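To start, the structure itself, in structure tokens.
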Amino acid sequence: MSDTSPILPEGAKVVICIRGLRNAFGEEGEQQQVIHDKLDLDVKRGEILGVVGGSGTGKSVLMRSIIGLQTPEDGEIEVLGENMIGREEDEAKNIRRRWGILFQNGALFSTLTVAENVEVPLREYFHLSPTLMDEIAGYKIAMAGLPADAAPKFPSELSGGMVKRAGLARALALDPELLFLDEPTAGLDPIAAQNFDELILSLRDKLDLTVFLITHDLDTLYAICDRVAVLADKKVVAVGTIEQLLALDHPWIQEYFNGPRGRAAAAA
Amino acid sequence: MATRGYRKGDEHSDERIYRCVGSLTISRAATTEREIELMPDGMTIDLSGVNKMDTVGAWLVYRATRDRGARVEGASPEAEGLLEQVRQADVPVRVTPEEEGTGFKRGVSELGEYVVEAGQILFGLLNFFGATLIGFWQVFKRPQQRFRMNAVVTRFDLVGVRALGIIGLMSFLIGIVIGQQGAVQLRAFGAEIYTINLIGRITVRELGTLMTAIMVAGRSGSAFAAQLGTMKLTEEIDAMRTIGVSPTEALVIPRMMSAIVMMPLLSFYAMIMTILGGGIYCWIDLEIPPLTFVQRLQEVIPITDVWVGLIKAPVFGFVIALVGCFQGMLVEGDAEQVGLRTTNAVVQAIFLVIVIDAVFAVFFSSIGWI
Ligand SMILES: Nc1ncnc2c1ncn2[C@@H]1O[C@H](COP(=O)(O)OP(=O)(O)OP(=O)(O)O)[C@@H](O)[C@H]1O
Ligand SMILES: [Mg+2]
Chain A
1 MSDTSPILPE GAKVVICIRG LRNAFGEEGE QQQVIHDKLD LDVKRGEILG
51 VVGGSGTGKS VLMRSIIGLQ TPEDGEIEVL GENMIGREED EAKNIRRRWG
101 ILFQNGALFS TLTVAENVEV PLREYFHLSP TLMDEIAGYK IAMAGLPADA
151 APKFPSELSG GMVKRAGLAR ALALDPELLF LDEPTAGLDP IAAQNFDELI
201 LSLRDKLDLT VFLITHDLDT LYAICDRVAV LADKKVVAVG TIEQLLALDH
251 PWIQEYFNGP RGRAAAAA
Chain B
1 MATRGYRKGD EHSDERIYRC VGSLTISRAA TTEREIELMP DGMTIDLSGV
51 NKMDTVGAWL VYRATRDRGA RVEGASPEAE GLLEQVRQAD VPVRVTPEEE
101 GTGFKRGVSE LGEYVVEAGQ ILFGLLNFFG ATLIGFWQVF KRPQQRFRMN
151 AVVTRFDLVG VRALGIIGLM SFLIGIVIGQ QGAVQLRAFG AEIYTINLIG
201 RITVRELGTL MTAIMVAGRS GSAFAAQLGT MKLTEEIDAM RTIGVSPTEA
251 LVIPRMMSAI VMMPLLSFYA MIMTILGGGI YCWIDLEIPP LTFVQRLQEV
301 IPITDVWVGL IKAPVFGFVI ALVGCFQGML VEGDAEQVGL RTTNAVVQAI
351 FLVIVIDAVF AVFFSSIGWI
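If you're matching them up, the sequences are chains A and B in order. 268 is the number that the UniProt record's numbering gives the last residue of the first sequence; the numbers go up by one with no jumps. 370 is the number that the UniProt record's numbering gives the last residue of the second sequence; the numbers go up by one with no jumps.
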């Protein structure tokens, strides 16, 4: 049992460390909706951690609190060795350039073209020549699997799947150490989703990336995740390889991995 | 020397070898780019001293091999992998959409587009006007099913009740200003008492309605455009249509009705507040007692003035809501459009209100309501 604990043993190389996190919406009292309570989680350096959980269990909120968009009521969050809670804006900047984030709905800047979107973080942090910047945007866009003619398009002219890829291209712009992906393969066709998985895997291998991957896609979980964290009952109930999780008798985990879809993905 | 800055010098100094040492990453991309620029074509890039590389570093090396015939040496398997990866991702891209022509030609074509667009907008506005009338007719035919009481009442509150404070204050102050300016001028003729005529007639006939219209255009016309525009962006309006709810009925008509109903009420209220401001000024500065002020008002303001003021009000309300909703519906694409359309809504509404006011002025004087 203890090897599926969300807390890693002493000495492990940890990139994200969360202890006792509590998130809630609304005024304190009966109306208050508690999303997370006493949540612990460790993310190991270089791993691809899949985060699963039913809709509305707070996966996106968890990600938002790690990256500092949501101030938790209680708890500690450490990212890349730095405490994230109560930081000054300019201190946080140093961390921000070390991570890349793909939001669930893309969150592209609507007044900029795809290529310009990718250039935003480059402009913010580095003084590069315009040609180099355009070239970097170009290959990032190609890496994210977009055709070249998507680069000069505005977000409103893209399909849903293309928005995801453009978001990924922007997340990859600074060659981050840490990548947060919120349901990257949702809305992609199966071939695209598989390419996406392969892309993440190869980026991880080559760039020494740590990936925090929220997903509902069982194929992705089987294909690329080193460990899977299960979010239920307001906390991370277990973290481990899929085999380890299958050995647990948590009802949601059993239903998730042993349902018809889960078994189909396992067979693949 | 082939090596610069943080890069280690080469003892067997070969001009054509570019040795990278340490990290070859985006933080050093600008320097690295410049250094590679200075190397001769056909250089050899030695990566054996590199301990950290990212895709930007790989891209710079790859670009040198592609364009400058450079050879790469001593690359670790990871570096090879990165080079391969950027090679695969190398496709020429444009950053911004193509723009045709230059200088004069483009200026002319932009002017042409502008004129065409202005024409289309005018045509579109008429079209929208027609669609709204049809919508009104349909609501009127079957009020039980089609009339959205809640939506209309909410709008009454937002457009009317919540504007009371600002319109009241504005009108009160305008009353004082007219009184004061009028008194200064009329005193020269010893005709201070005519200040009351001035305040009364200008307010009831023109200013009360006009100022209210400008305020409503700024408060509610802009809000209509921004609300509908945002809903358009988030595809809410499309969703509404597919469910079978007509956006005209659900969104446009309640807004129109609220503006049409609230404008006369607000205008009347504005008139009262302006007269109140003027009256208080007259009382304090000209020492005209309130009772005399009111009596004199009754004598000098013909009832037709009240009609002139109040007949215009619903028309102005209609125009403000029409332009606001129309501009909101025109939003397409991005957030910038919402801002642009909102600005347009206010500017065009105020402009149209003033044009229509002028037409009314001519009309009323020609029917003898002077
Ligand atoms: N800004 C907010 N205000 C109030 N409640 C919120 C807010 N954001 C999220 N919630 C609530 O928090 C809960 C968790 O939301 P979250 O978006 O994290 O779900 P999720 O696990 O990402 O679900 P999904 O898989 O559907 O994306 C939901 O019940 C949601 O209603
Ligand atoms: Mg979510």
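Every residue gets a Cβ at the ideal spot worked out from N, C-alpha and C, and that includes glycine. Since we're looking at a predicted model, the values are computed, not measured.
Do you know how far the Cα of residue j is from the Cα of residue i?
i	j	result
Arg296(B)	Thr209(B)	22 Å
Arg241(B)	Gly138(A)	38 Å
Gly53(A)	Thr215(A)	9 Å
residue 271(A)	Glu198(A)	Outside the shown range of chain A (1 to 268) lies residue 271(A), about which nothing can therefore be said.
Gly160(B)	Trp307(B)	21 Å
Gly86(A)	Phe180(A)	21 Å
Lys164(A)	Asp149(A)	16 Å
Trp252(A)	Gln33(A)	21 Å
Leu168(A)	Asp238(B)	27 Å
Met231(B)	Ala223(B)	12 Å
residue 374(B)	Arg205(B)	For chain B, the structure presents residues 1 to 370; residue 374(B) sits outside this window and is missing.
Tyr194(B)	Gln298(B)	13 Å
Glu33(B)	Trp59(B)	10 Å
Val362(B)	Asn197(B)	21 Å
Asp182(A)	Ala144(A)	15 Å
residue 280(A)	Leu146(A)	Outside the shown range of chain A, which is 1 to 268, sits residue 280(A), and nothing can be said about it.
Glu11(B)	Arg19(B)	Because the pLDDT of Glu11(B) is 43, which lies under 50, any placement of that residue in the model is unreliable, and the question is left without a value.
Ile101(A)	Phe196(A)	15 Å
Leu203(A)	His250(A)	33 Å
Leu126(B)	Val184(B)	47 Å
Thr241(A)	Leu39(A)	19 Å
Thr292(B)	Leu169(B)	24 Å
Is the separation between the beta-carbon of residue i and that of residue j shorter than 9 Å?
i	j	result
Gly20(A)	Glu82(A)	no
Leu231(A)	Gly58(A)	yes
Ile199(B)	Gly221(B)	no
Arg97(A)	Pro176(A)	yes
Ile23(B)	Gly69(B)	Reading the sequence as shown, one finds Ser at residue 23(B) and not Ile. Their beta carbons are not under 9 Å apart, which means Ser23(B) does not touch Gly69(B) by this criterion.
Gly130(B)	Glu249(B)	no
Phe128(B)	Met329(B)	yes
Asp226(A)	Lys44(A)	yes
Asp134(A)	Val315(B)	no
Ser171(B)	Met273(B)	yes
Leu310(B)	Phe268(B)	yes
Val239(A)	Pro6(A)	yes
Does the distance between the C-beta of residue i and the nearest non-hydrogen atom of ligand 2 fall short of 8 Å?
i	result
Gln104(A)	yes
Glu183(A)	yes
Ile176(B)	no
Ser60(A)	yes
Ile214(A)	yes
Would you identify the three-state DSSP class for residue i, choosing helix, strand or coil?
i	result
Val315(B)	helix
Met133(A)	helix
Gly26(A)	coil
Asn117(A)	helix
Phe180(A)	strand
Thr44(B)	strand
Ala267(A)	helix
Ser23(B)	strand
Lys13(A)	coil
His12(B)	Any reading at His12(B) is ruled out, since the residue's pLDDT is 47, under 50, leaving its predicted position unreliable.
Met63(A)	helix
Ser5(A)	coil
Ile370(B)	coil
Gly130(B)	helix
Is any heavy atom of ligand 1 found at a distance shorter than 8 Å from the C-beta of residue i?
i	result
Gln31(A)	no
Gly26(A)	yes
Ile66(A)	no
residue 345(A)	Nothing about residue 345(A) can be read from this structure; chain A reaches only from 1 to 268.
Thr113(A)	no
Thr57(A)	yes
Ile280(B)	no
Ile191(A)	no
Ile237(B)	no
Any contact of the stretch 339-353 of chain B with the stretch 316-326 of chain B, i.e. 3+ C-beta pairs under 8 Å?
yes
Three or more C-beta pairs closer than 8 Å, one from the stretch 48-64 of chain A and one from the stretch 132-152 of chain A: is that the case here?
no
At least 3 beta-carbon pairs within less than 8 Å: the stretch 71-82 of chain B vs the stretch 50-63 of chain B:
yes
With a cut-off of 8 Å, do at least 3 Cβ pairs link the stretch 38-50 of chain A to the stretch 199-212 of chain A?
yes
Taking 8 Å as the cut-off, does the stretch 152-164 of chain A touch the stretch 125-133 of chain A (at least 3 CB pairs, one atom from each stretch)?
no
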